[in-house]
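Worksheet: one structure, shown below.
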Amino acid sequence: MKKKIALLLAAVMVVGSLPMTAFASSDNTVSKIQTVEDGDDITTAITIDEFKGVVDGAEKQTIKLTLTNAKFKDSQEGGSLDVDTKLEALEDAESELEGAFKDCDDATDVTAIKYNSTVVSSASELMEKIAADGSFASSKITVDGDDSGSTLDTLKTKATAWDTAKKAYDSAVSGADGSDVKYTKISDTEYMAEFYVSKAEQETASVQLDIKAEADGSGDANVTIEAVDSVVSSQTLKIAT
107 MKKKIALLLA AVMVVGSLPM TAFASSDNTV SKIQTVEDGD DITTAITIDE FKGVVDGAEK
167 QTIKLTLTNA KFKDSQEGGS LDVDTKLEAL EDAESELEGA FKDCDDATDV TAIKYNSTVV
227 SSASELMEKI AADGSFASSK ITVDGDDSGS TLDTLKTKAT AWDTAKKAYD SAVSGADGSD
287 VKYTKISDTE YMAEFYVSKA EQETASVQLD IKAEADGSGD ANVTIEAVDS VVSSQTLKIA
347 T
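Quick note: the sequence shown, position 219, residue 325 per the working numbering, numbers continuous.
Here you go:
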C-alpha cells in the first residue's frame with residue numbers, strides 16, 4: 107500500500123511540475139521561429155484554427171498577447187473590425203429612426219402610424235416589423251390623418267436607412283471569419299487582439315494574428331495567448347531563438 111501511495115505522489119509531482127502549455131491545444135501554430143540577437147526585429151504570425159466553444163452569431167473574441175524576452179513594435183497597434191463598424195452605423199440609424207418616429211407621431215394631424223396597415227406604437231415595434239419583412243418597402247409605412255407629408259417622408263427615409271444598415275450588419279456577422287483583427291496596446295509587452303468568428307465559420311476559420319516585435323532579452327522569445335473573453339485555448343508559443 108505504501109509503495110502504491112508513493113508512486114501516486116510521485117506521479118502527481120511530475121504532473122504538477124509540467125507547464126500549463128503542456129496541456130494546451132496543438133492546433134495553434136507559429137508561422138516561423140527566427141534566430142535573432144537583441145534588438146533584431148521579429149516578424150511572425152500565429153495561426154489559430156481551433157475553437158473549443160460554440161458561439162451564437164458572431165461574438166467578439168478577445169485575446170491577450172504577452173511577450174517574453176521581446177517587446178512589441180509601435181506598428182503592432184491598429185486594425186479595425188468590420189462588425190463593430192457596421193454595428194456603430196446601425197445604432198446611429200436606429201437613433202435617427204427613433205427621432206423621426208417621434209416627430210411623425212407628434213405631428214398635429216397624425217392619429218396613427220402604420221406598417222402594412224397595422225398600427226405601430228413605437229419605433230422599436232416598427233423596426234421589428236421591418237426586420238421581419240422579407241420585402242421591405244418604405245411605401246408600406248403610412249399614417250392615419252392628414253399629415254402634410256414632411257414628417258412621414260422623413261420617417262420613410264430614416265426607415266430605409268435603418269433597413270440598409272441592419273442588412274449590412276447582419277451580413278458582416280454571418281460572414282465574420284477572423285480576417286479583421288484589431289490590436290490595442292496595453293504595454294510594450296502586452297496587447298489585446300480582437301476579432302469575430304461566426305458560428306458557421308468555427309469549423310473552417312483560420313485566424314492569423316500578426317506579431318511585430320523586437321528581441322529584448324537573453325533567452326528565447328515567447329508569446330502567450332491568453333483567452334480573456336474567447337473560445338480559443340490559452341497557450342505559450344516560441345517565436346524566436
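Using N, Cα and C, we set each Cβ at its ideal position, and we do this for glycine too. All figures in this text were calculated on a predicted structure; none of them were measured in a lab.
Item: Measuring CB to CB, does V303 end up less than 8 Å from G281?; Value: no
Item: Of the choices D155, A321, T141, whose alpha-carbon is the least far from that of T135?; Value: D155
Item: Please list, in chain order, all residues of the same chain as G185 whose beta carbon is under 6 Å from its beta carbon, the five residues on each side excluded.; Value: V287, K288, Y289
Item: I'd like to confirm the pairing. Which residues does DSSP put opposite Y275 in its beta bridges?; Value: Per DSSP, none; premise fails for Y275.
Item: Between A267 and E309, is the Cβ-Cβ spacing less than 8 Å?; Value: no
Item: What does the Cβ neighbour count give for S324, buried or exposed, with the cut at 16 atoms within 10 Å?; Value: exposed
Item: Assuming the contact rule is C-beta atoms closer than 8 Å, K272 and L196 should be a hit. Round their C-beta distance to whole Å, please.; Value: 6 Å
Item: Rank E234, V338, K138 by C-alpha distance to the C-alpha of V313 and give the top, closest one.; Value: V338
Item: Kindly list the residues whose CB is nearer than 8 Å to the CB of I247, restricted to its own chain and excluding five residues on each side of it in sequence; keep chain order.; Value: I219, K220, Y221, L232, L258, L261, K262, A265
Item: Closer than 7 Å by C-beta to S181: which residues in its own chain qualify, once you throw out the five before and the five after it? Chain order, please.; Value: K318
Item: As an exercise, report each continuous alpha helix (DSSP H) stretch of at least 4 residues that is fully enclosed by the region 301 to 335, in chain order.; Value: none
Item: Buried or exposed, going by whether 16 or more other CB atoms sit within 10 Å of the CB of S336?; Value: buried
Item: Over the uninterrupted alpha helix (DSSP H) stretch that includes A238, give me the two end residues.; Value: 229 to 238
Item: Count the other CB atoms, across all protein chains shown, that sit within 10 Å of the CB of A229; report buried if there are 16 or more and exposed otherwise.; Value: buried
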